[in-house]
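One structure is given below, encoded as structure tokens.
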Amino acid sequence: MTAPGSVFAVGGAGVDLEGFERELRALRAEAVAALGPDDVAHLKKLERWGLACTALGYATAWLGPNPVSMALLSLGSTSRWTIIAHHVLHKGLDRLPGTPARLTSKGFATGWRRLWDWPEWMDPQAWCHEHNVLHHAYTNEVADPDLVEHNLEALRRARLPTVVKWALLALSASTWKATYYAPNTLQVLQRRRRRTPGDGRTQRDDGRGPETTLDAFDPRTPEGREVWRAMLPYALARFALVPALFAPLGPLAALSVALNSLGAEWLSNLHTFLIIVPNHAGEDLARFDGPPASRGEWFLRQVQGSVNFRTGGDVNDFLHGFLNYQVEHHLFPDLPPRAYQRLQPKVMALCERFGVPYRQASVWARLRHLVRVATGAASMRR
22 MTAPGSVFAV
32 GGAGVDLEGF
42 ERELRALRAE
52 AVAALGPDDV
62 AHLKKLERWG
72 LACTALGYAT
82 AWLGPNPVSM
92 ALLSLGSTSR
102 WTIIAHHVLH
112 KGLDRLPGTP
122 ARLTSKGFAT
132 GWRRLWDWPE
142 WMDPQAWCHE
152 HNVLHHAYTN
162 EVADPDLVEH
172 NLEALRRARL
182 PTVVKWALLA
192 LSASTWKATY
202 YAPNTLQVLQ
212 RRRRRTPGDG
222 RTQRDDGRGP
232 ETTLDAFDPR
242 TPEGREVWRA
252 MLPYALARFA
262 LVPALFAPLG
272 PLAALSVALN
282 SLGAEWLSNL
292 HTFLIIVPNH
302 AGEDLARFDG
312 PPASRGEWFL
322 RQVQGSVNFR
332 TGGDVNDFLH
342 GFLNYQVEHH
352 LFPDLPPRAY
362 QRLQPKVMAL
372 CERFGVPYRQ
382 ASVWARLRHL
392 VRVATGAASM
402 RR
């Protein structure tokens, strides 16, 4: 028998939340027990692939502006964020013996190692709070700072031709790491710092605030100056210092590296936007107006509000930044990439058995869903 209140309606079907939670916890225990040195070796292999892309990109970048160098540099940057930083900062390898300190959540990208371990626009500490804490705890709630439908409400409501909305969305995707993720993550961290004991605010309040993105860049404020201090080291290193290292090969070589770096930045923005943003947006996915009533409902929401891309094979998964296992990652955020490969068919079978819709499609199909929501042509399920 099922206890009162433990059946939750999903698309007209009843789901045994207690049983669903119990079996998911069993899957997690099985996944954790299977972790070992092979998982550390697997992440190191993926790291080598990304570093090889970066090395080959720079090895050819000085020859002249070209799409091959741009693509290689872009893939190196993308994999460094979505595979290495993402899983390491989620503590994916912390529990495994033999994990080097640089691949633990406490040792990665800290202090001087930031530009070495994870050269990127975002401040690692700010990204951890915005993503690991708020996005994962409050997925597709208004408290989720990455709720696409809410963040793009102005574009959705704008009385503009659809083609103009498409162009604005493409422009945003071309720059989103610097214009959205870097300032937004720091604003979220700054809100957390402003919380004081007894002020009545909770962690849930961190996700939203009165500030605009332009406020984040205001150099007249301490918060604005912090954003610039976080972003400028990466910009100077990537687009000035590294190209200058090629100056002994001639001014055209240095200029070529700079232009290829700019092209790689554009491609990396588009690539990361493509494999990150559609994960939780679409008229077939749910958003929520309040907190879940139980842990079982929280587990259910991770499946209702997430979608996988095509999975299977290290090359395919590498190109997707291992973000094609979004359902499994949101159920169990603190596992290494290889664990999700093993879990995916088991989670899918479990969802089918409990009558929980498990969504998986190509990244291009999910992009169409995202564009419909972003432009106001469709809305997410409530």
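22 is the number of the first residue of the sequence shown in the working numbering; add one for each residue after it. Yeah, the Cβ is synthetic: ideal placement off N, Cα and C, and Gly gets one too. As the structure is a computational prediction, the values presented were derived from the model and not from experiment.
Point to revise | Neighbourhood of residue 157 by C-beta distance below 6 Å, restricted to the same chain and skipping five residues each side | key: Within the sequence shown, numbered from 1, the residue matching residue 157 stands at position 136. If we look at residue 157 and ignore the five residues flanking it on each side, its Cβ neighbours are 354.
**Study point:** Residue burial classification, residue 127 (beta-carbon count within 10 angstroms, cutoff 16)
**Key:** The residue you call residue 127 lines up with position 106 of the sequence shown. By the neighbour-count rule (16 or more Cβ atoms within 10 Å), residue 127 is not buried but exposed.
**Study point:** residue 165 (DSSP reduced to helix, strand or coil)
**Key:** Translated into the one-based positions of the sequence shown, residue 165 becomes position 144. In this structure, residue 165 counts as coil in the three-state DSSP scheme.
Exercise for review: Take residue 369 and list the residues in its own chain whose beta-carbon comes closer than 7 Å to its own, dropping the five residues that flank it on each side.
Suggested key: Numbered from 1 along the sequence shown, position 348 holds the residue referred to as residue 369. If we look at residue 369 and ignore the five residues flanking it on each side, its Cβ neighbours are 379.
Exercise for review: With a cut-off of 8 Å on the beta carbons, I'd call residue 329 and residue 348 a contact; round off their distance for me.
Suggested key: Counting from 1 along the sequence shown, the entry for residue 329 is found at position 308. Counting from 1 along the sequence shown, the entry for residue 348 is found at position 327. Rounded, the Cβ-Cβ distance is 5 Å, consistent with contact.
Check your understanding: Whose CA, out of 197, 171, 252, 263, lies closest to the CA of residue 396?
Key -> As a first step, residue 396 is located in the sequence shown; it is residue number 375 there, counting from the start. It is 171.
Exercise for review: Count the other CB atoms, across all protein chains shown, that sit within 10 Å of the CB of residue 390; report buried if there are 16 or more and exposed otherwise.
Suggested key: Numbered from its first residue, the sequence shown carries residue 390 at position 369. With 16 or more Cβ atoms within 10 Å of its Cβ, residue 390 is classed as buried.
Exercise for review: Would you check if there are 3 or more beta carbon pairs closer than 8 Å linking the region 333 to 343 to the region 182 to 196?
Suggested key: no
Review point. Quick one: Cα of residue 186 to Cα of residue 161, how far?
Key: What you label residue 186 is simply residue 165 of the sequence shown in a count that begins at 1. What you label residue 161 is simply residue 140 of the sequence shown in a count that begins at 1. If I take the Cα positions, the gap works out to 23 Å.
**Study point:** residue 326 versus residue 307: straight-line alpha-carbon distance, rounded
**Key:** Stepping through the sequence shown from its first residue, residue 326 is reached at position 305. Stepping through the sequence shown from its first residue, residue 307 is reached at position 286. Rounded to whole angstroms, residue 326 to residue 307 spans 5 Å at the Cα level.
Exercise for review: Hey, could you find the ends of the alpha helix (DSSP H) residue 66 is sitting in?
Suggested key: Against the sequence shown, residue 66 aligns to sequence position 45. First-last of the alpha helix (DSSP H) with residue 66: 58 to 82.
**Study point:** Under 8 Å between C-beta atoms of residue 216 and residue 150
**Key:** Stepping through the sequence shown from its first residue, residue 216 is reached at position 195. Stepping through the sequence shown from its first residue, residue 150 is reached at position 129. In this structure, residue 150 does not lie closer than 8 Å to residue 216 by Cβ.
**Study point:** Under 8 Å between C-beta atoms of residue 13 and residue 266
**Key:** Because the chain is modelled from 22 through 403, residue 13 falls outside the range shown and cannot be assessed.
Practice item. Over the uninterrupted alpha helix (DSSP H) stretch that includes residue 251, give me the two end residues. Key: Within the sequence shown, residue 251 is the residue found at index 230, counting from 1. Counting along the chain, the alpha helix (DSSP H) containing residue 251 begins and ends at 243 to 257.
Review point. When the Cβ atoms of the region 316 to 326 are set against those of the region 37 to 53, are three or more pairs found closer than 8 Å?
Key: yes
Review point. What three-state label does DSSP hand residue 335 in the structure shown?
Key: In the sequence shown, counting from the first residue as 1, residue 335 sits at position 314. Three-state result, residue 335: helix.
Exercise for review: Could you tell me whether the region 250 to 262 touches the region 133 to 142, where touching means 3 or more Cβ pairs closer than 8 Å?
Suggested key: yes
Check your understanding: For the 8 Å Cβ check, are there 3 or more pairs between the region 63 to 71 and the region 266 to 277?
Key -> no
Review point. Helix, strand or coil: which one does DSSP assign to residue 37?
Key: As a first step, residue 37 must be located in the sequence shown, where it is residue number 16. In this structure, residue 37 counts as strand in the three-state DSSP scheme.
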